[in-house]
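Protein chains in written order, with this note's numbering: chain A, 178 to 659; chain B, 183 to 664. A virtual CB, placed ideally from N, CA and C, is assigned to each residue, including glycine. Working notes for the structure below.
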């Protein structure tokens with residue numbers, strides 16, 4: 178049987194506000210446990226929440242970016258459950274009246290086609306703290322630094338049909354929130370967390386299959402492998418005549434396996450009700466209009482501009498505009514390097530490959546954009562051969578901070594393109610190779626190309642690798658009577 | 183000294199008749215001698231009080247005194263006091279010392295008032311008799327076998343017994359007005375949002391409001407001058423100018439429009455109580471008021487709506503008492519569930535547990551619409567009743583309670599009968615309007631309270647009407663025998 182995969186996502190985005198959503202505590206990551214938890218965050222008796230206006234600005238900006246309805250009135254509710262890292266015994270969140278209503282995100286897939294993913298809504302809520310179960314001799318440690326960090330939870334419609342589509346959407350969303358500046362995008366620190374709802378159904382069937390939710394996927398790679406894993410698991414069960422249990426599952430990316438966290442029956446009755454400590458928040462058109470006026474350039478607009486301004490292909494423009502870090506890097510490189518197409522090639526080729534291999538991002542790229550720009554410049558003006566460029570790049574990647582021109586000088590990588598100088602070199606090398614010349618000249622034109630290599634080796638050696646191979650080839654051909 | 187009002191003590195202090203240290207010592211001595219009979223204090227802060235009195239005397243000598251500088255008073259033990267244990271009369275918080283002041287506490291501190299200690303109450307303000315206290319019941323100075331009312335029974339008894347000139351209190355469904363009536367003193371529940379709830383341990387957030395317990399309306403006006411005002415730490419506090427509540431006390435009442443709701447004077451009202459209250463109203467007519475019958479048609483729904491909304495909010499508000507971060511924790515929990523269940527089973531009293539259960543039930547899946555949503559609709563109808571009524575009258579008058587103080591233990595086995603004690607006061611909290619109870623007669627030598635209900639933010643008019651009544655009568659000067 179042919180199966181159709183149906184995927185919907187819930188994404189928790191930590192907002193890059195300075196302070197928490199309901200208190201004045203700092204949201205900075207990585208501080209000593211419980212040093213960023215005030216009486217309000219600790220839910221001390223009598224303390225009260227006060228909503229952070231910046232969180233509403235960020236949520237509204239997100240809503241504008243996905244062309245969504247911004248609800249003029251939104252209401253915080255209490256979601257009641259007990260857990261040690263949830264100090265109040267309820268999470269303050271939005272349910273019936275979220276800040277962001279329905280919207281959509283258009284995603285370009287690898288084959289160039291466009292896919293629209295509808296957003297059901299996005300709501301504001303507070304993050305919980307962290308429970309630490311190791312190193313406490315059988316007890317658990319509670320760190321409330323994260324408790325109260327503002328989040329928007331984005332809920333999509335079940336519009337994606339493959340892992341590829343889901344990941345492309347996730348990357349697009351990542352690009353969107355980082356371009357907006359509302360999230361630092363650091364998935365390894367949990368700034369962006371993906372929960373994936375997956376079901377399968379026979380091709381052509383309209384009714385949705387029973388879904389499972391896989392929680393807290395903190396890299397695109399894990400997300401992709403988790404979806405493949407879960408789809409396979411569900412199809413195996415169904416093809417063996419079994420049924421899917423609606424449940425929450427936890428995926429272990431290092432082992433590529435998943436296990437059940439809790440089934441629907443075990444789910445809490447959260448007893449939601451409007452939080453009486455927080456009045457409904459009403460925003461007006463002026464609030465929205467002022468944010469609309471301040472919106473930064475978003476990936477789609479950037480892509481269009483890159484195509485026009487830098488003559489990039491649709492494919493390249495889509496990739497270098499996908500998030501603000503890579504887009505900024507590209508523009509800086511192109512500005513210094515001059516040749517935008519070449520800059521894009523280097524960024525999407527060698528540099529991306531190296532960053533991916535080490536799980537790094539453009540934000541903490543070891544090669545500054547200015548240096549890559551200099552490298553591009555020296556390639557395009559023929560100062561560097563491609564092998565010389567690779568050598569310079571290697572030095573830059575390993576933390577060499579010197580100017581590219583200095584490196585070329587120091588490492589003797591400057592390419593010689595002067596025709597007169599190279600003619601002399603060719604003459605002196607050919608003088609020692611009469612047999613090979615004869616062999617070449619008597620060979621079929623079809624075999625000559627191969628024999629040409631026999632001259633280039635000694636020529637490059639004689640020029641200490643600095644001869645411009647293109648120029649050398651031309652001279653050589655002339656001398657050999659081609 | 184202990185028979186003087188706050189206004190009189192303030193005059194004496196400013197004239198140097200005695201010092202704050204002498205005055206404070208006098209009240210501390212009285213508490214030591216008398217309170218073994220009433221149990222109106224949970225904690226007496228002798229050292230802090232004398233230190234603050236000394237500081238107040240010094241402040242006065244520098245010429246920086248406010249009307250409250252050096253005046254002794256007491257806080258209901260629901261207001262957090264920095265460095266002084268705050269129990270809410272619960273085993274759960276028996277040893278809880280907050281590292282912060284409630285906004286109300288801070289305001290009295292800034293004014294230079296001298297806090298004598300923390301008064302007894304029903305646990306977490308749930309009750310109408312101050313019998314639900316982990317620290318034992320408070321008795322009524324008008325009769326040792328009588329309850330003082332509740333939940334602010336400690337504050338009411340302490341003021342009536344002249345152990346403190348005044349005390350703070352809170353009112354969620356009548357917790358200021360009913361004990362004020364039972365103890366023959368003056369109590370004011372301000373408009374919801376007039377006094378900050380920050381640091382006031384929450385029972386039902388949308389109903390709780392801090393207020394005053396004093397012997398006279400003038401003293402309540404002086405207290406409200408300190409307590410009222412917007413607080414950025416409480417999102418539900420209202421940013422509206424605060425008048426000088428003492429400024430208008432002597433305005434004549436000629437033309438004051440008084441409404442008597444027919445639903446409050448039904449056949450079921452004890453005829454003696456009805457007559458006593460009508461006599462008091464006649465006094466207002468003598469002062470120039472016009473009286474007419476009005477209708478508050480949804481009155482009969484108030485108790486039912488209240489006992490859904492208040493427990494629902496309480497069930498979430500009390501979730502933070504989980505034994506994890508502060509407060510009582512059971513011995514040797516064997517796992518997380520055991521920690522939660524035994525901590526809460528052992529730490530809360532039975533009335534608190536009853537209300538958590540009722541509230542959790544009302545919010546649970548399948549019942550939410552029938553209980554919580556319906557109760558909210560009723561609440562809006564009740565609000566509308568008052569809005570309509572205040573179009574044609576300035577003040578609504580009624581009994582504060584169905585009867586004078588009842589005997590200790592007489593209602594403890596019948597929660598519903600206990601809940602009906604608040605039949606005249608509860609609708610006021612649902613509507614959010616301000617109301618007072620003032621001594622206005624006696625039945626069998628026990629004080630009877632007249633309830634004055636005002637329009638939103640019309641506390642000044644209530645205080646004016648109460649003060650004029652107290653200029654014309656001497657019910658407020660009656661003191662318990664002994």
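* **Straight-line gap, residue 667 of chain B to residue 245 of chain A (C-alpha atoms, nearest Å)** => Since the displayed chain B opens at 183 and closes at 664, residue 667 of chain B lies outside it and no answer follows.
* Asked: Between the segment 265-280 of chain B and chain A, which residues of the former have CB atoms less than 9 Å from a CB of the latter, in chain order?
  -> 268, 270, 275, 278 and 280
* Asked: How would you list, in chain order, the residues of chain B whose beta-carbon sits under 9 Å from the beta-carbon of residue 319 of chain A?
  -> Near residue 319 of chain A (Cβ distances below 9 Å), the residues of chain B are 506 and 507.
* Asked: Under a CB-based cut-off of 8 Å, is residue 262 of chain B close to chain A?
  -> yes
* Segment limits, alpha helix (DSSP H) that includes residue 458 of chain B -> 453-468
* Asked: Out of A/459, A/423, A/382 and A/631, which has the shortest C-alpha to C-alpha gap to residue 180 of chain A?
  -> When each option's Cα is compared against that of residue 180 of chain A, the closest is A/382.
* To do: Give me whichever residues DSSP pairs with residue 180 of chain A in a beta bridge.
  => A/379
* Are the segment 263-279 of chain B and the segment 389-404 of chain B touching by the rule of at least three beta carbon pairs closer than 8 Å? -> no
* Got a sec, what are the start and stop residues for the beta strand (DSSP E) residue 481 of chain A sits in? -> Residue 481 of chain A -> not in any beta strand (DSSP E); alpha helix (DSSP H) instead, spanning 476-487.
* **Test: residue 510 of chain B CB closer than 8 Å to a CB of chain A** => no
* According to DSSP, what are the bridge partners of residue 392 of chain A? -> According to DSSP, residue 392 of chain A shares a beta bridge with A/427.
* With a cut-off of 8 Å on the beta carbons, I'd call residue 192 of chain A and residue 360 of chain A a contact; round off their distance for me. => 6 Å
* With respect to the alpha helix (DSSP H) encompassing residue 439 of chain A, which residues constitute its N-terminal and C-terminal limits? -> Secondary structure note for residue 439 of chain A: it is in no alpha helix (DSSP H), and the uninterrupted beta strand (DSSP E) holding it is 434-440.
* **Beta-carbon spacing of residue 327 of chain A, residue 303 of chain A below 8 Å** => Note that the C-beta distance between residue 327 of chain A and residue 303 of chain A is below 8 Å.
* To do: Determine the direct distance from the alpha carbon of residue 263 of chain A to that of residue 287 of chain B, and round the result to whole angstroms.
  => 28 Å
* If residue 320 of chain B and residue 339 of chain B are in contact, beta carbons under 8 Å, what's the gap, nearest whole angstrom? -> Sure, about 5 Å apart at Cβ, within 8 Å.
* Sheet register partners of residue 261 of chain B (DSSP bridge) -> Per DSSP, B/382.
* May I have the straight-line CA-CA distance separating residue 476 of chain A from residue 197 of chain A, to the nearest angstrom? => 28 Å
* Other residues of its chain near residue 241 of chain A: CB distance less than 8 Å, five sequence neighbours each side excluded -> Counting only Cβ-Cβ distances below 8 Å, and skipping sequence neighbours, we find 247, 465, 468, 469 and 472.
* **chain B within 8 Å of residue 249 of chain A, Cβ atoms only** => no
* Does the beta-carbon distance from residue 335 of chain B to residue 308 of chain B come in below 8 Å? -> Not in contact: residue 335 of chain B and residue 308 of chain B (Cβ atoms no closer than 8 Å).
* Distance, residue 521 of chain B Cα to residue 664 of chain B Cα -> Low confidence applies here, because residue 664 of chain B scores a pLDDT of 47, under 50, leaving its location unreliable; read the following figure in that light. If I take the Cα positions, the gap works out to 48 Å.
* Terminal residues of the continuous beta strand (DSSP E) containing residue 297 of chain B? -> 296-301
* To do: Provide the residue span of the alpha helix (DSSP H) that contains residue 413 of chain A, from first to last.
  => 397-416
* Asked: What is the DSSP secondary structure of residue 307 of chain A, counted as helix, strand or coil?
  -> If DSSP states are grouped into helix, strand and coil, residue 307 of chain A belongs with the strands.
* **chain A contact for residue 415 of chain B (CB, 8 Å cutoff)** => yes
* To do: May I have a chain-ordered list of the beta strand (DSSP E) segments no shorter than 3 residues that lie completely inside the segment 211-286 of chain B?
  => 223-226 and 254-258
* To do: Just tell me which of A/602, A/606, A/568 and A/600 has its CA closest to the CA of residue 591 of chain A.
  => A/568
* Asked: What's the C-alpha gap between residue 478 of chain B and residue 441 of chain B?
  -> 10 Å
* To do: Could you check if residue 597 of chain A is buried or exposed, using at least 16 other CB atoms within 10 Å of its CB as the buried criterion?
  => exposed
* If you drop the 5 nearest sequence neighbours on each side, which residues of the same chain put their C-beta closer than 6 Å to that of residue 386 of chain A? -> Around residue 386 of chain A: 376, 377 and 378.
* Residues that residue 501 of chain B contacts on chain A, provided the C-beta gap is smaller than 8 Å -> Ordered by position in chain A, the residues that pass the 8 Å Cβ test against residue 501 of chain B are 257, 259, 265, 266 and 267.
* **Counted within 10 angstroms of its Cβ, other Cβ atoms place residue 355 of chain B as buried (16 or more) or exposed** => buried
* Nearest residue (CA-CA) to residue 141 of chain A, options A/334, A/559, A/535 and A/412 -> Past the boundaries of the shown model lies residue 141 of chain A; chain A is included only from 178 to 659, so the question cannot be answered.
* At which residues does the beta strand (DSSP E) containing residue 319 of chain A begin and terminate? -> 318-320
* Asked: What whole-angstrom Cβ distance do residue 137 of chain A and residue 497 of chain A have, given they're in contact under 8 Å?
  -> With chain A represented from 178 up to 659, any question about residue 137 of chain A goes unanswered, as that position is not in the structure.
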